[in-house]
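If you're matching them up, the sequences are chains A, B, C and D in order.
First residue of the first sequence? That's 21 in my numbering, and the numbers climb one at a time after it.
First residue of the second sequence? That's 2 in my numbering, and the numbers climb one at a time after it.
First residue of the third sequence? That's 2 in my numbering, and the numbers climb one at a time after it.
First residue of the fourth sequence? That's 16 in my numbering, and the numbers climb one at a time after it.
The structure under discussion appears below in the form of structure tokens.
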Amino acid sequence: METVLELSGVTRCFGPVEVLHGIDLGLRAGEVHALIGENGAGKSTIMKILGGYLAPTEGQVLLDGSPAAFSSGPEAEARGVVVIHQEFNLAPDLTVADNIFLGREMTRGWRLDHAAMRRAAGDLLEELDTRIDPRARIRDLSVPDRQMVEIAKALSRNARVLIMDEPSAALTHREVDALYAQVDRLRAEGVALMFCSHRLDEVARLADRITVLRDGSVVSRATRGEMTEDQMATAMVGRELTDFFPPKDTLTGNVLLEVQDLSVPGAVDDASLTLHRGEVLGIAGLVGAGRTELAEAIAGLRPGSTGRMTVSGEAVPLADVRAAGRAGIAYLTEDRKEAGLLLTKPLTENLTLAALDRFGFRIDRAAEARAMDDATREFDIRAASPDMPAGALSGGNQQKLLLAKTMLTEPQIVLIDEPTRGIDVGTKRQIYAFIRRLAAEGHGIIVISSELPEVIGLADRVLVMRQGRIAGEVEGDVITEEGIVRLAMGVGADHHDAEHKNREPA
Amino acid sequence: MRRIDFHLLGPLIALIALIIIGALLNPAFLAPANLSNVLARSAFIGLIAVGMTFVITQGGLDLSVGSMAAFIAGITIMAMNALVPITGVNWGTIIIGMMVAMAGGLAAGLFNGALITRARIEPFIVTLGTMGIYRSLVTWLSDGGTLSLDSGLRTLYRPVYFSGIGWITWPIITFAIVAILGEWMMRHTRFGRHVEAIGSNDRVARYSAVDVEGVRLASYVLLGGLVGLATILYVPRLGSASGSTGVLWELEAIAAVIIGGTMLKGGTGRVWGTVVGVLILSMIDNILNLADLVSPYLNGAIQGVIIVLAVVLQREKRATDNR
Amino acid sequence: MRRIDFHLLGPLIALIALIIIGALLNPAFLAPANLSNVLARSAFIGLIAVGMTFVITQGGLDLSVGSMAAFIAGITIMAMNALVPITGVNWGTIIIGMMVAMAGGLAAGLFNGALITRARIEPFIVTLGTMGIYRSLVTWLSDGGTLSLDSGLRTLYRPVYFSGIGWITWPIITFAIVAILGEWMMRHTRFGRHVEAIGSNDRVARYSAVDVEGVRLASYVLLGGLVGLATILYVPRLGSASGSTGVLWELEAIAAVIIGGTMLKGGTGRVWGTVVGVLILSMIDNILNLADLVSPYLNGAIQGVIIVLAVVLQREKRATDNR
Amino acid sequence: QTEGEAKTIGVAIPSATHGFMGGLNWHAQNTIDRLGETYPNLSFVLATAGDSAKMVSDIEDMMATRNIDALVVLPFESEPLTAPVKSVKDAGKFVVVVDRGLSEEGIEDLYVAGDNAAFGRVAGQYFADNLESGQKIVVLRGIPTTLDNERVEAFQAAIEGSGIEVLDMQHGNWNRDDAFNVMQDYLAKYPEIDAVWAADDDMATGVLEAIAQAGREDEMWVIGGAGMKEIVQRIMDGDPQLPVNVTYPPAQISAAIEMAALNFVSSAPMAGRYIIGSQLITPENAEQYYFPDSPF
Ligand SMILES: Nc1ncnc2c1ncn2[C@@H]1O[C@H](COP(=O)(O)OP(=O)(O)OP(=O)(O)O)[C@@H](O)[C@H]1O
Ligand SMILES: Nc1ncnc2c1ncn2[C@@H]1O[C@H](COP(=O)(O)OP(=O)(O)OP(=O)(O)O)[C@@H](O)[C@H]1O
Ligand SMILES: [Mg+2]
Ligand SMILES: [Mg+2]
């Protein structure tokens with residue numbers, strides 16, 4: 021098979037720091053190429069260079085064997101090289117259809133052909149098996165829905181080369197399946213695909229060719245079937261990984277958080293739950309089940325929420341972030357770009373933003389720097405300097421910074437929405453261990469995750485949400501994929517909804 | 002659609018309320034003659050505000066429009082006066098004058114736009130600078146006084162402001178056409194779509210192969226052209242231009258745009274909201290003149306209160322917007 | 002640090018260039034008497050611009066400051082005049098007047114802030130409204146004329162503007178202290194951090210349990226307080242207030258903030274850049290008076306050109322910013 | 016002409032924001048150019064200000080950096096300019112105040128002014144003489160200022176007892192466009208108007224246009240003020256819509272600057288008050304008030 025797009029001897033520097041060292045890499049038609057590596061290894065940087073969004077400092081990008089002089093992403097796109105970025109690239113004020121066709125609008129004469137674009141967008145989304153309304157505004161969509169729009173946008177480009185930067189990180193298994201189907205289809209059509217992912221099962225399932233990156237250099241290459249998931253992890257991290265999930269040796273204490281009949285208009289109906297000290301409570305469900313809304317309501321971030329909530333027996337007013345904060349509740353958002361980090365501000369300012377009152381009336385810069393050092397060490401944040409803007413961190417390192425920021429408030433109750441989105445296997449382990457350690461110290465943890473193995477491996481108890489309600493609870497040894505999926509899809513329930521008709525439990 | 006309607010209702014309700022108040026205060030308010038006056042007066046600011054909607058929607062701002070209008074009116078009058086001895090008092094001369102106005106507007110818009118997009122200076126500063134420049138130039142050209150159009154030409158040119166189809170005069174017709182075209186451009190053309198995309202997130206637009214600088218530049222040129230058009234309608238009204246022509250038009254135009262529901266930070270443009278905003282502003286003035294109030298000194302205060310109230314009606318929506 | 006310095010150099014270089022030009026045009030420019038005049042004059046806009054820096058940095062805007070200053074000067078003068086028969090001509094009366102000014106400023110800021118944060122109306126509209134309201138009120142209070150301070154009080158009060166430590170008069174001292182405090186607040190306090198965080202992404206700030214509405218409100222109150230303080234220094238200078246007091250101060254204050262390197266869309270505040278911006282603006286006026294230029298009609302044009310040039314120097318940075 | 020030592024005269028006037036001030040600016044500049052040529056030992060500094068504070072700053076600058084020997088000032092407002100002008104006087108400079116008096120008597124060496132009260136009174140007198148009791152007029156006022164108040168009060172005093180009904184008074188801000196709008200609204204509001212006092216020829220221009228549009232030219236006449244050349248021309252032509260005008264000469268600034276110059280170049284000390292009264296311009300005497308070269 022011919023090599024369509026190729027990097028030859030590419031290095032890239034940001035300021036004085038060289039993040040890629042002499043990368044050689046080729047994408048072939050009809051083949052899926054997976055790029056894996058730790059957070060900050062340089063995966064996104066490689067993809068941006070391939071897509072024309074960044075120029076290599078040294079070396080060349082070759083398209084069909086001759087130097088490709090892309091000076092910009094759009095130029096590359098015009099030549100059939102399309103990138104789905106790790107950060108979202110959607111205009112929040114425009115609708116789904118507008119975004120999908122932005123820059124390539126369909127027109128009839130001078131007039132935009134709204135109907136055709138809506139139809140085409142609807143078809144694309146249909147193929148992706150989502151129910152997103154093409155007329156919805158991006159700002160009103162949930163994070164996974166936005167990711168699906170991003171994928172639809174890329175698919176609409178009829179690419180020869182499709183490069184996907186962690187396309188599945190923000191998706192639940194339902195959309196992931198749709199994505200896989202598209203990948204298989206495109207491969208069959210002879211498109212050259214590249215993706216990166218921290219889900220190694222996915223890599224094993226999809227990739228025809230694997231390139232492993234460590235600290236900006238290629239450390240190993242393999243073709244389909246040559247590497248097991250464990251071997252991938254070892255190659256990435258450079259050492260053996262054992263015991264992925266730490267043991268659940270929980271000693272559950274007294275009730276820490278009690279929520280009764282919590283409702284968020286349009287998203288959550290009468291949710292009740294209790295959380296004990298030392299417990300990790302998982303919340304599972306499909307996209308749009310209302311998990312994020314529930315967590316945000318508990319954290320006081322949803323105006324208009326009703327119900328009752330107590331922390332250690334003390335009533336906490338709803339819809340009041342600061343009261344929730346004072347009661348020791350902290351929420352780690354799934355939307356790190358829009359709600360989590362100030363992308364243009366230095367790492368240190370981001371880290372201490374939620375806990376500034378602990379740094380004195382005159383902010384103690386030295387103490388801040390110490391906190392940054394500690395966080396860098398504890399959460400293994402790979403950054404060139406604490407003064408760099410958070411937006412220049414690699415995706416996974418942003419997530420680690422967000423985690424560090426949340427923990428700096430020293431909460432009693434931590435609600436973590438998608439704790440390991442975009443985090444590499446090595447660090448995932450550290451984070452799981454960290455969560456267990458927090459629980460062991462007597463904190464209460466709520467983990468919302470779309471990765472079922474994560475919920476299963478981590479939680480002592482799992483609540484399953486479906487259409488804004490808590491559909492049921494699984495505990496102890498019954499925490500299995502099947503048990504959760506059944507509840508999440510409402511299998512056995514009386515009414516037959518879309519999901520039920522469309523797919524069977526995995 | 003369902004959502005948009007609701008959002009637009011705010012200023013529309015305010016406009017309807019104003020019309021009702023006006024009619025109650027003085028029956029003459031609804032007479033065609035008065036409506037014709039109010040609408041024709043709105044036309045200058047209206048044309049400019051339609052252009053301003055595009056500029057604000059793409060994330061820009063233009064403070065220079067008022068003095069730009071004065072300056073263009075000045076050069077148009079000077080050009081026509083200079084031509085009279087050569088071409089005589091006829092429509093040919095006036096049409097050349099109109100072309101000067103249009104060309105002047107487009108050039109001034111291009112100048113603003115080029116400084117903003119090519120030299121990458123904040124629009125606020127560029128247009129604050131050109132505002133001072135145009136204002137000074139017109140004062141200088143008129144020697145601190147007034148530039149007046151040749152009286153023969155004036156007589157010929159007057160009907161462009163004062164006549165039309167019945168009481169629907171040319172300024173009203175022009176404004177209506179431009180408003181409809183503007184709304185259409187914003188909603189149904191690639192240009193409008195790109196303007197919104199750039200205002201919403203210019204990096205995304207750039208990544209989507211939108212010619213960000215080009216579209217930005219075009220929005221300033223469009224605004225400049227509309228300022229030129231407004232001048233073409235303004236000159237026949239009083240036949241003069243001076244250093245005090247068009248003072249504070251920029252503020253009025255920007256206010257109309259924002260009252261109409263376009264956000265100052267860009268991203269969504271509502272041309273027809275802008276039209277409603279312009280009408281609200283000129284009706285307030287008209288009603289204050291028609292009604293007998295405590296003291297004319299307080300007109301400004303009443304105006305201020307009404308402007309705020311007109312926007313309060315939009316508030317509900319935004320409160321829920323705020324996740 | 003290295004980045005910040007470079008960015009700030011732009012306006013600083015412009016300021017230094019202006020000083021050199023001034024000194025070349027007229028050696029008297031660098032005389033203490035002239036510097037004292039220029040700096041003291043800058044103090045009003047300067048104090049207001051420091052407050053405006055906070056408001057703009059958090060993503061807001063305040064168009065009402067000029068008329069707010071006029072209104073507060075008006076009520077301060079009226080209050081002091083009313084008190085003279087009771088308390089007599091002494092410092093007690095003046096101090097009460099100062100307290101009225103401060104209270105008025107804080108209340109006016111609170112009013113703006115409350116409408117913006119509680120009623121959730123766009124700052125542009127709220128402050129455009131209150132701008133009209135305050136301007137009208139002062140015109141109405143003065144019956145279209147001028148409100149003048151009792152002449153005995155004036156004599157007593159004058160030194161507050163005109164005296165000080167040598168040629169460093171009280172307005173200069175106050176401005177310096179406020180500027181240093183402001184810079185310190187922006188850089189080194191929680192409030193400043195929160196202001197920047199809200200301006201760069203208010204949703205992130207809210208998710209970080211920052212009291213977004215509270216901080217926003219506080220920034221308007223701070224600005225109001227500084228307007229009150231500016232008024233305290235303004236009243237002894239002219240001893241009067243009228244409908245034309247403080248006209249266009251808002252534009253000048255906003256321009257100073259932006260020339261100083263703070264972005265109109267918020268997120269990063271540079272108080273000391275603002276100070277440089279204020280100085281640039283008042284030096285331009287001063288320099289135009291130093292030499293005989295073509296025509297005073299063209300002063301505005303020269304001013305415009307210099308403002309744009311002062312900002313061109315910042316451009317480089319932004320161009321590279323834009324990957 | 017004496018071969019005198021070099022002297023500098025500072026001139027501080029409001030900027031040209033409306034027709035009258037435009038004329039005044041023009042005359043000031045013209046006079047300066049002319050005197051500068053005639054008397055090479057005199058130099059002039061001209062500064063225009065948009066508000067009182069700027070004018071005070073200009074005067075400070077003239078003192079600190081231009082070392083002026085005389086100041087000719089048309090105070091933007093009386094009260095705020097009083098103390099600064101007084102300190103110029105106290106520094107031993109020759110001070111000429113134009114048009115608007117300071118709030119304290121006896122500061123200036125020389126006072127040259129139009130008479131605002133007379134301006135209103137002469138117009139009011141004409142209305143009282145030419146209208147029947149019960150006839151209706153509307154008034155357009157200027158920018159809210161003390162001098163506008165003086166004019167309007169004098170006008171009202173003059174028509175007092177004549178039985179003329181003043182239907183409305185709104186601010187046209189000495190601006191053509193504003194006056195046009197206000198007059199349109201007056202015409203919509205009042206079916207019967209017999210005369211208009213526009214108080215300024217810029218406003219009169221806008222008013223006439225609005226009346227023409229409504230086709231009510233035959234119904235009412237208009238009195239402006241300050242003697243703008245186009246208006247004077249029409250009075251000369253006997254336009255029934257513009258029977259008369261009231262002078263308020265922008266050229267008073269020329270007189271003031273000239274006198275300041277003479278103070279240095281002639282031996283005669285200049286002092287006193289020169290009040291240039293407001294005259295009624297009628298078709299008979301209009302020719303002597305017609306200056307075709309002035310921009311006003
Ligand atoms: N604009 C930038 N300025 C400075 N450094 C940058 C910039 N962009 C990326 N980097 C650095 O380059 C390195 C590689 O980042 P990259 O985003 O390619 O990592 P990644 O492999 O995609 O990681 P992740 O799995 O976390 O997404 C990181 O150390 C990152 O901090
Ligand atoms: N800001 C918003 N405005 C309007 N609707 C929203 C908003 N955010 C989410 N929704 C809608 O609310 C419902 C619940 O979404 P939510 O994101 O809470 O689901 P979830 O269970 O947390 O799933 P995930 O976290 O995987 O997105 C969905 O229908 C979603 O589209
Ligand atoms: Mg990445
Ligand atoms: Mg969610």
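In this text, a Cβ means the ideal position worked out from N, Cα and C, and glycines have one as well.
Bear in mind the structure is a predicted one, so any value in this text is a computation, not a measurement.
The three-state reading of DSSP puts W141(C) in helix, counting H, G and I together. At a cut-off of 9 Å between C-beta atoms, Y208(B) counts as an interface residue with respect to chain A. S269(D) and A275(D) have their alpha carbons spaced roughly 10 Å apart.
Nearest to R249(D) by alpha-carbon distance, out of S148(D), A27(D), A266(D), D216(D), is D216(D).
Any heavy atom of ligand 3 counts here; residues with a Cβ closer than 6 Å to one of them, in chain order, are K63(A), S64(A), Q106(A), D185(A), S414(A), G415(A). Per DSSP, P206(D) lies in no alpha helix (DSSP H) segment and is marked neither H nor E. Comparing alpha-carbon positions, the option among L299(B), V277(B), A256(B) lying closest to G11(B) turns out to be V277(B).
When only Cα atoms are considered, V216(C) and S414(A) end up about 31 Å apart. Across the region 110 to 130 of chain C, CB contacts with chain B closer than 9 Å involve L116, A120, R121, I122, E123, P124, F125, I126, V127, L129, G130, in sequence order along the chain. For W236(D), the enclosing beta strand (DSSP E) covers residues 236 to 238. Contact annotation: in the region 61 to 90 of chain D, residues whose CB is within less than 9 Å of a CB in chain C are L61, A62, T63, G65, D66, S67, A68, K69, V71, S72, D73, E75, D76, M77, M78, A79, T80, R81, N82.
Under a criterion of Cβ atoms nearer than 7 Å, the residues of chain D adjacent to P297(C) are, in order, L61, A62, T63.
Apart from sequence neighbours up to five positions away, the residues of its chain that approach E38(A) with a beta-carbon distance below 8 Å are T31, R32, T77, G236, ordered along the chain.
In the three-state scheme derived from DSSP, where H, G and I count as helix and E and B as strand, Q202(A) is classed as helix.
For K357(A), there is no enclosing alpha helix (DSSP H), as DSSP marks it with neither H nor E. Residue nearest to Y305(D) within the set P284(D), G129(D), T262(D) is T262(D) (criterion: CA-CA distance). Contact between the region 71 to 85 of chain C and the region 299 to 314 of chain C is absent, with fewer than three C-beta pairs closer than 8 Å. Within the same chain, Cβ atoms closer than 7 Å to the Cβ of E253(C) are found at I46, L282, the five residues on either side in sequence being excluded. 9 Å or more divides the Cβ of S137(C) from the Cβ of N290(B). The C-beta of T58(C) comes no closer than 9 Å to any C-beta of chain A. If one requires a minimum length of 4 residues, the alpha helix (DSSP H) runs lying completely within the region 89 to 116 of chain A are 93 to 98, in chain order. Within the region 137 to 170 of chain B, T140, S143, D144, G145, G146, T147, S149, F163 place their CB atoms closer than 8 Å to a CB of chain D, listed in sequence order. F454(A) and L276(A) have their C-alpha atoms some 20 Å from each other.
For the C-beta of A198(C), the chain A residues within less than 7 Å are, from N- to C-terminus, L362, L373. Contact note: L367(A) does not reach chain C at a C-beta cutoff of 8 Å; the least C-beta distance is about 14 Å.
The Cβ of A50(C) sits no closer than 9 Å to any Cβ of chain D.
When CB distances to chain C are screened at a threshold of 7 Å, the residues of the region 373 to 395 of chain A falling below it are L373, A374, L376, D377, F381, R382, I383, in chain order.
K63(A) sits away from D143(A), with the two beta carbons spaced by 9 Å or more. Residue-level contact check: P255(D) does not touch chain C, since none of the beta carbons of chain C fall below 9 Å from its beta carbon. As the crow flies, the alpha-carbon of T263(C) is around 15 Å from that of L280(C). Contact between M53(C) and V272(C) does not hold, since their C-beta atoms are separated by about 10 Å, which reaches or exceeds 8 Å. Among the residues of the region 233 to 248 of chain B, those with a Cβ less than 9 Å away from any Cβ of chain D are Y235, R238, L239, G240, S241, S243, G244, S245, T246, G247, V248, in the order of the chain.
In terms of Cα proximity to R191(C), the closest of S405(A), R378(A), P323(A) is R378(A).
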